[in-house]
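Take a look at the structure below.
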Amino acid sequence: MGATELELTAMRRALVLGESVHGRTSPNPPVGAVILGADGSLAGEGATGPPGGPHAEVNALTQAADEARGGTAVVTLEPCNHTGRTGPCAEALIEAGIAKVIYAVDDPNPLAAGGAQRLRAAGIDVTAGVLADEAASGALRPWLFGIEAGRPYVTWKYAATLDGRIAAEDGTSRWISSPASRADVHQLRALVDAIVVGSGTVLADDPSLTVRDAAEVLSEHQPLRVVIDRRHRTPQHARVLDNAAETLLLDTAAPRFALKALYDRGVRHILLEGGPTLAGAFAEAQCVDEVVAYIAPKLLGAGPSALGHAGITTMTDALTLDVESVEPIGSDVKIVARPHWPERKAGE
C-alpha cells in the first residue's frame, strides 16, 4: 500500500528537515523525521543531531511525547537497528508506541540495517520507498555514496571565464565570478564536511577556506580545511592555518590515499577547490562525483585552464557528464553536472 497525501506531505517536510542539517551530521546521515499523531495531526519533527547526538527519530519522538502513541513516523532513511553512540531508533519507535512507519530509503549500512524487519516483528506497519528518488538525490546522496564506495563524495567547484580560464596570463584571478556566485559558493561550502586544496593554491591565493556571510562574518559551521602538501610548502603565516577552523595538512600526492584518510576521520562530503593540477589528479583517479562550475561572461584568451592533465589524450576518451542543472546567478551561469565513470567495485 502506498502513502496517503498526508503522509507524502509529511515526507516532503522530513526531506526539508534532512536538508537543514546537511553537512553537520557526518559520519551519520542527515535524516529528517516527522511524527503524525493517531488523528493525523503533526505531533513532532526532528533532524539528525551532531555526531554523538540524538538521531532524527529520537528528536521527533521527544517533541511528540505522548502524542506519538498510535501515530505514524515518517522518516527519510530506514530507522537504524544498532547501538553506537546512541541506541537503535527502531527500538525507540517501538517503545514510543508508534503504529506505522513510513520511510524513503533502505539503510545500506550493514551495521545499522534491519530496522524495518525489527519494526515489523514488533507488529508495526512499515512502508518503504516513499519518495525514495528525491531522498537519495538530496542531502543523503553523499552519505549513501560513501557507504557504497568507501570514500567521501567529491564535489569539484571552479569559476572560469567563458573561454575556460581560471586566471589571467599574469596569474590574477580576483574576481572572475560575480558577487552572487561567490555568495553561492559559501552556501555550497556550508553543505560539506571538508574543503580540499593543494599547496599551490595556498601559495598563490592564500585562501581562508571558511564559510562566511555577506558581511564576512564567520558562520557557526566550519568545514575541515585540508591542504594536500606532499612537499611541505604551506607557510606558517598562511590564512588556512589560523584559528577560524580546523586544518589538516596531508603529506601525500595520491587522491585515493587522501580520501581514505578523510573517510576514516568521518568525512563524507568534500568540496575540491584546488587548482587545475589537483583537479586533474582527482579526475585521473576517477574521484570526481559532481562538478559545480561558475562560468563568467568574460574572455581572457590566455592563462591556466580549469582542468589540468587528467590522463585523457584523445577525444574518444573525453569524460562525458550529465548536466543536472543550468541557472543564471548574478552575471554568471552556474552548471551542475555529474561525470560518467566506468563501473567500479566498492572501495576501488
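Last residue of the sequence shown: 789 (this note's numbering), numbering continuous. From the three backbone atoms N, C-alpha and C, an ideal C-beta is built for every residue, glycine too.
Q) Are the stretch 479-486 and the stretch 497-516 touching, with three or more C-beta to C-beta distances below 8 Å? A) At 8 Å Cβ cutoff, the stretches touch.
Q. Do you know how far the Cα of glutamine 558 is from the Cα of alanine 734?
A. For the purposes of this step, residue 734 is identified with residue 293 of the sequence shown, where counting begins at 1. For the purposes of this step, residue 558 is identified with residue 117 of the sequence shown, where counting begins at 1. Alanine 734 and glutamine 558: Cα-Cα distance of roughly 43 Å.
Q: Identify whether alanine 484 lies in helix, strand or coil by the three-state DSSP scheme.
A: Within the sequence shown, numbered from 1, the residue matching residue 484 stands at position 43. Three-state result, alanine 484: strand.
Q. So what does lysine 775 bridge to, in DSSP terms?
A. Counted from its first residue, the sequence shown places residue 775 at position 334. The beta-bridge partner set that DSSP reports for lysine 775 consists of Tyr735 and Glu768.
Q. Taking Cβ positions, are threonine 693 and alanine 685 nearer each other than 7 Å?
A. For this step, residue 693 is matched to residue 252 along the sequence shown. For this step, residue 685 is matched to residue 244 along the sequence shown. No, Cβ-Cβ distance for threonine 693 and alanine 685 is not below 7 Å.
Q: Please report the residue range of the beta strand (DSSP E) in which threonine 513 lies.
A: Reading the sequence shown from its first residue, position 72 is the one you call residue 513. 513-518 is the span of the beta strand (DSSP E), which, as asked, contains threonine 513.
Q: Determine the burial state of glutamate 789: buried for a count of at least 16 other Cβ atoms within 10 Å of its Cβ, exposed for fewer.
A: To locate residue 789, count along the sequence shown from 1; it is residue 348. In this predicted model, glutamate 789 has a pLDDT of only 45, less than 50, meaning its place in the structure is not dependable enough to derive any value.
Q: Report the partner residues of alanine 601 according to the DSSP bridge assignment.
A: Within the sequence shown, numbered from 1, the residue matching residue 601 stands at position 160. DSSP, once it has assigned bridges, lists Ile736 as partnering alanine 601.
Q) When burial is assigned at 16 or more other CB atoms within 10 Å of the CB, is serine 461 buried or exposed? A) Here residue 461 corresponds to residue number 20 of the sequence shown, with the count starting at 1. Counting every other CB atom within 10 Å of its CB across the protein chains shown gives serine 461 a total below 16, marking it as exposed.
Q: Grab the span of the beta strand (DSSP E) containing histidine 710 for me, first residue to last.
A: Taking the first residue of the sequence shown as 1, we reach residue 710 at position 269. First-last of the beta strand (DSSP E) with histidine 710: 710-713.
Q. With DSSP run on the structure shown, which of helix, strand or coil describes valine 729?
A. By 1-based counting over the sequence shown, the position of residue 729 is 288. DSSP, reduced to helix, strand and coil, places valine 729 outside both helices and strands of the structure shown, so it counts as coil.
Q | Element boundaries [beta strand (DSSP E), containing glycine 473] | A | Locating residue 473 in the sequence shown gives position 32, where the first residue counts as 1. Where glycine 473 is concerned, the enclosing beta strand (DSSP E) starts and stops at 473-477.
Q.
Taking its Cβ as the centre, do 16 or more other Cβ atoms sit within 10 Å of alanine 474, making it buried, or is it exposed?
A. Taking the sequence shown and counting its residues from 1, the one referred to as residue 474 is at position 33. Alanine 474 sits buried, since 16 or more C-beta atoms from the chains shown fall within 10 Å of its C-beta.
Q: Let me know the secondary structure DSSP gives serine 640 once reduced to three states.
A: For the purposes of this step, residue 640 is identified with residue 199 of the sequence shown, where counting begins at 1. Three-state result, serine 640: helix.
(Q) I'd like to know whether the C-beta atoms of glycine 437 and proline 471 end up nearer to each other than 7 Å. (A) No information on residue 437 is available, as it lies outside the stretch 442 to 789 that the chain covers here.
Q. Whose CA, out of His463, Ile711 and Arg454, lies closest to the CA of isoleucine 476?
A. For the purposes of this step, residue 476 is taken as the residue at position 35 of the sequence shown. Closest by alpha carbon: Arg454.
(Q) Restricting to Cα atoms, I'd like to know which of His496, Ala573 and Ala609 is closest to histidine 523. (A) For the purposes of this step, residue 523 is identified with residue 82 of the sequence shown, where counting begins at 1. When each option's Cα is compared against that of histidine 523, the closest is His496.
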